[in-house]
Amino acid sequence: MLTISNISCVRGHKPLFAPVSFSLQAGQALHLEGDNGVGKTSLLRIICGLSPADAGEILWNGSSLNKQNPEVVESFRASLCYMGHNLSLKDELTPIENLLFDAQVAGRSLSHEKGMGALRKIELNNRAHLPLRVLSQGQKRRTALARLSVSEAKLWVLDEPFVALDAQSLDNLRALLANHVLQGGMLLFTSHQAVELSQPNGHALDVQPIRLVAA
Amino acid sequence: MIWQAFWAVVRRDLLLAWRRKSEGLSAVFFFVVVAALFPLGIGPELNVLRNIAPGVLWVGALLSSMLALQRLFEADYRDGTLEQMALSPVAMPLLIGAKMLAHWLVSGLPLVLLAPVLGLQFDLSGDALVTLTLALLVGTPILSLVGGVGAALTLGVRGGGVLLSLLVLPLFVPVLVFGAGAVEAQVSGLGVQAHLSILMAMLLPAVFFGPLASAFALRIALE
Amino acid sequence: MNILRANFLFHYAGPQAFYGLAGRLWPWCAALAAVFGLWGLWLGFMVAPADAQQGEGYRIIFVHVPASWMSMVIYMAMAFWSVLGLTFNTRLSGMMTRALAPTGAMFAFLSLWTGALWGKPMWGAWWVWDARLTSELILFFLYLGYIALTSAIDDQRRGDRAGALIAIVGAINVPIIYFSVKWWNTLHQGASVSLTKSPSMAQVMLWGMLLMALCFWLYTIALVLYRVRTTILHRESHTAWVRAIAQEAA
Numbered sequence: 020m021l022t023i024s025n026i027s028c029v030r031g032h033k034p035l036f037a038p039v040s041f042s043l044q045a046g047q048a049l050h051l052e053g054d055n056g057v058g059k060t061s062l063l064r065i066i067c068g069l070s071p072a073d074a075g076e077i078l079w080n081g082s083s084l085n086k087q088n089p090e091v092v093e094s095f096r097a098s099l100c101y102m103g104h105n106l107s108l109k110d111e112l113t114p115i116e117n118l119l120f121d122a123q124v125a126g127r128s129l130s131h132e133k134g135m136g137a138l139r140k141i142e143l144n145n146r147a148h149l150p151l152r153v154l155s156q157g158q159k160r161r162t163a164l165a166r167l168s169v170s171e172a173k174l175w176v177l178d179e180p181f182v183a184l185d186a187q188s189l190d191n192l193r194a195l196l197a198n199h200v201l202q203g204g205m206l207l208f209t210s211h212q213a214v215e216l217s218q219p220n221g222h223a224l225d226v227q228p229i230r231l232v233a234a
Numbered sequence: 111m112i113w114q115a116f117w118a119v120v121r122r123d124l125l126l127a128w129r130r131k132s133e134g135l136s137a138v139f140f141f142v143v144v145a146a147l148f149p150l151g152i153g154p155e156l157n158v159l160r161n162i163a164p165g166v167l168w169v170g171a172l173l174s175s176m177l178a179l180q181r182l183f184e185a186d187y188r189d190g191t192l193e194q195m196a197l198s199p200v201a202m203p204l205l206i207g208a209k210m211l212a213h214w215l216v217s218g219l220p221l222v223l224l225a226p227v228l229g230l231q232f233d234l235s236g237d238a239l240v241t242l243t244l245a246l247l248v249g250t251p252i253l254s255l256v257g258g259v260g261a262a263l264t265l266g267v268r269g270g271g272v273l274l275s276l277l278v279l280p281l282f283v284p285v286l287v288f289g290a291g292a293v294e295a296q297v298s299g300l301g302v303q304a305h306l307s308i309l310m311a312m313l314l315p316a317v318f319f320g321p322l323a324s325a326f327a328l329r330i331a332l333e
Numbered sequence: 070m071n072i073l074r075a076n077f078l079f080h081y082a083g084p085q086a087f088y089g090l091a092g093r094l095w096p097w098c099a100a101l102a103a104v105f106g107l108w109g110l111w112l113g114f115m116v117a118p119a120d121a122q123q124g125e126g127y128r129i130i131f132v133h134v135p136a137s138w139m140s141m142v143i144y145m146a147m148a149f150w151s152v153l154g155l156t157f158n159t160r161l162s163g164m165m166t167r168a169l170a171p172t173g174a175m176f177a178f179l180s181l182w183t184g185a186l187w188g189k190p191m192w193g194a195w196w197v198w199d200a201r202l203t204s205e206l207i208l209f210f211l212y213l214g215y216i217a218l219t220s221a222i223d224d225q226r227r228g229d230r231a232g233a234l235i236a237i238v239g240a241i242n243v244p245i246i247y248f249s250v251k252w253w254n255t256l257h258q259g260a261s262v263s264l265t266k267s268p269s270m271a272q273v274m275l276w277g278m279l280l281m282a283l284c285f286w287l288y289t290i291a292l293v294l295y296r297v298r299t300t301i302l303h304r305e306s307h308t309a310w311v312r313a314i315a316q317e318a319a
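Listed below in structure tokens is the structure:
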């Protein structure tokens, strides 16, 4: 369980957004909303631990992440999969190589079969052995999303995951995210457009909005 | 898991260097050019060349390393891979150490292998060439490890390349003094053990503290 | 007693309180610096006798030696504030380190120049690769590196932390660099040419150097406190207390 308590962040002497608090439990999805420039990306990066918060606390399963306790931080990072604005992929490597290396660097093991299976689900198995730089932008994005499906991480923090996807890929992503939440995972994402996560039975998944307001 | 992550980073960086061959070769080429320019500037007299050889070859290796350091973290920083390393449950210093190892294999080891060949151009004796190779073998990793801190601090900063050189130059001086000093000691008949021991004594703390300090600096750059 | 001292320290760790303290201190330091400086220069140039070997030209040590000392002391001070800043994450530490750097660089530069001016009449060359002078040159590069890095980074906090790290790394390396340069120097020049070697220094000369050292030290404190006040005003310009000061001045 992830708890955010009165987090605020300062940029250029002024606080970006009003102090925000929320909690995220297993099987829950949160949609972080707000105007352009209010600090959604900054908040996501603070939650992941990439940037420091100027005030407030973040708790992971009851223990504070602020205190830099190595065990808590390690357990948090092992359960986290973050996707930021850049794809975190290497252009000179093939999709399958990207997936395998990414998993190993994150301390996880991923078999070649599982990786190819994930690529097959997003219809990239034919291109799996081509370097990323010859693929289209949409195909690169799909590879980045394949990272999610092989991730095994409980907490998914995604910054604008729906950008630059065609209709089919959007459907695949919505199903992937819904499936993750239904199986007890946690999801926190930002998106400009309103998004519905569809469950297999056709109903929309319950997504709680969290609104960031300027300070 | 931890060592699997370490070797995964090494293999990935080596694979990337292989697929972007031109980048890795440029620093090595620079070393060769520098070593060729000095005799052209000073004159072909072998006595003079033999005297200046240790210094010239070491300064060439230093400058080549400074050039190569700019590429250590740049690409990973730009495409978001560095962020993923910062978020990995595997300790970041370990992953950064892996990057430094791969970096040395691509940019430092070729210098070590080329140096005896270039040393022949300066009419260095066989023993001196051996000492030169050994000293570079111990010294060039120190340059990658210690220089990494400078590379990390100047990530995405204006004037990065020159600033990087200014920052790491003072830190490289001890390696230069003892590295070139080893070869000179060999040539003048004094023992080289002292110099090489001191170089090793500098390498060991660099192996521990270089990645630690660089990881710290990288987290500052990622904030 | 400990609680009182801790409260005192933490109180002045805040920029506003430090601004007031620095404002009260610096004029006294400047005045004392002037007193010690005049006294030291009088001793050095009027009272101390001519050196048996070096004649009148040696008198430059009254500037050269204190300048060298200060360049090293200031770098250690920068490293100290940097450790403090990275450990306790205080805003003031970064400001103090940045305020110290230009003065330290100036003293290093002064030390190099006075060393050259001394060397020319004494040994016939403008630059002698003496171990101390060479280490001083590298220290000057360390200062330049710190100043260049902190100036190049736009975000002040990131600049503070990056600068703190390079200052600490540099400080750890200073003894290594000095040792290696000394080794290099004795290896290449048989008898070491020491610019401060003097078999028996007259009492007066020592006193002169000490007074000049005190002068430089107090000058540094005065100037750094003054400089950090400006930095505080600039960085905290969004706070109410700074706006009040600006309105008073208007």
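Protein chains in written order, with our numbering: chain A, 20 to 234; chain B, 111 to 333; chain C, 70 to 319. A virtual CB, placed ideally from N, CA and C, is assigned to each residue, including glycine. This one's a predicted model, so the numbers in the text were calculated from it and none came from an experiment.
Is there contact between the segment 232-243 of chain B and the segment 196-210 of chain C, where contact requires at least three CB pairs shorter than 8 angstroms? no
State the DSSP-derived secondary structure class of VAL317/B, mapped to helix, strand or coil. helix
Helix, strand or coil for GLN47/A per DSSP? strand
Give the residues of chain C in contact with LEU263/B, contact being defined as C-beta atoms less than 8 angstroms apart. LEU218, ALA231, LEU234 and ILE235
ARG227/C touches chain B at which residues, Cβ-Cβ below 8 angstroms? ILE330, ALA331 and GLU333
Tell me whether GLU132/A sits in a helix, a strand or coil according to DSSP, three-state version. helix
Establish whether the CB of GLY188/C and some CB of chain B are separated by less than 8 angstroms. no
Measuring CB to CB, does LEU207/A end up less than 8 angstroms from HIS199/A? no
Could you tell me the alpha carbon to alpha carbon distance between LEU129/A and SER198/B, rounded to whole angstroms? 15 angstroms
State the beta-bridge partners of TRP175/A as determined by DSSP. CYS100/A and LEU206/A
Counting only C-beta atoms, is HIS307/C closer than 8 angstroms to chain A at any point? yes
Minimum Cβ-Cβ distance from ALA125/A to chain B less than 8 angstroms: yes
Below 7 angstroms between beta carbons is the criterion; list the residues of the segment 188-212 of chain B that meet it against any residue of chain A, in chain order. ASP189, GLY190, THR191, GLU193, GLN194, MET195, ALA196, LEU197, SER198, PRO199, VAL200 and LEU205
For the beta strand (DSSP E) containing ILE26/A, name the first residue and the last one. 21-27
Once you ignore the five residues that flank TYR88/C on each side, which residues in its own chain have a CB closer than 6 angstroms to its CB? ARG298 and ILE301
For the alpha helix (DSSP H) containing PRO164/B, name the first residue and the last one. 156-179
8 angstroms Cβ cutoff, LYS86/A in contact with chain C: no
Contacting positions in the segment 111-124 of chain B - beta carbon closer than 9 angstroms to chain A: MET111, ILE112, GLN114, ALA115, TRP117, ALA118, VAL119, ARG121 and ARG122
LYS33/A CB to nearest chain C CB: under 8 angstroms? yes
Of the choices GLU179/A, LEU216/A and GLN218/A, whose alpha-carbon is the least far from that of GLN105/A? First, the amino acid is wrong: residue 105/A is Asn here, not Gln. The residue with the shortest Cα to Cα distance from ASN105/A is GLU179/A.
Taking the straight line between their C-alpha atoms, what separation do you get for ALA145/B and ARG181/B? 22 angstroms
For LEU126/B, return the contacting residues in chain A, with the cut-off set at a CB-CB distance below 8 angstroms. LYS109, GLU111 and LEU112
Please classify GLY320/B as buried or exposed, where buried requires at least 16 neighbouring CB atoms within 10 angstroms. buried
Spell out whether any CB of chain A is found under 8 angstroms from the CB atom of ARG129/B. yes
In three-state terms, what does DSSP make of VAL273/C? helix
Please decide whether PHE183/B counts as near chain C, where near means a Cβ-Cβ distance under 8 angstroms. no
At 9 angstroms on the CB atoms, spell out the chain B contacts of VAL250/C, in chain order. VAL283, PRO284 and VAL287
Which chain B residues are close to GLY214/C, counting only those with a beta carbon under 9 angstroms from its beta carbon? GLY260, LEU273, LEU276, LEU277, VAL278, LEU279 and PRO280
Select from LEU90/C, TYR295/C, TRP187/C and ALA136/C the residue whose C-alpha is nearest the C-alpha of MET278/C. ALA136/C
Would you kindly work out how many angstroms separate the C-alpha atoms of ALA217/C and VAL278/B, rounded to a whole number? 13 angstroms
Is the CB-CB distance between PRO284/B and PHE210/C below 8 angstroms? no
State the DSSP-derived secondary structure class of PRO180/A, mapped to helix, strand or coil. coil
Give me the chain B residues within the contact set of ILE245/C, using Cβ-Cβ distance strictly less than 7 angstroms, ordered along the chain. PRO284
Just verifying my parser: in three-state terms, what is the DSSP assignment at GLU93/A? helix
Tell me the start and end of each unbroken beta strand (DSSP E) in the segment 242-297 of chain B that is at least 3 residues and wholly inside, in chain order. none
Among the candidates LEU306/B, GLN231/B and VAL302/B, whose CA atom is the shortest distance from the CA of LEU150/B? GLN231/B
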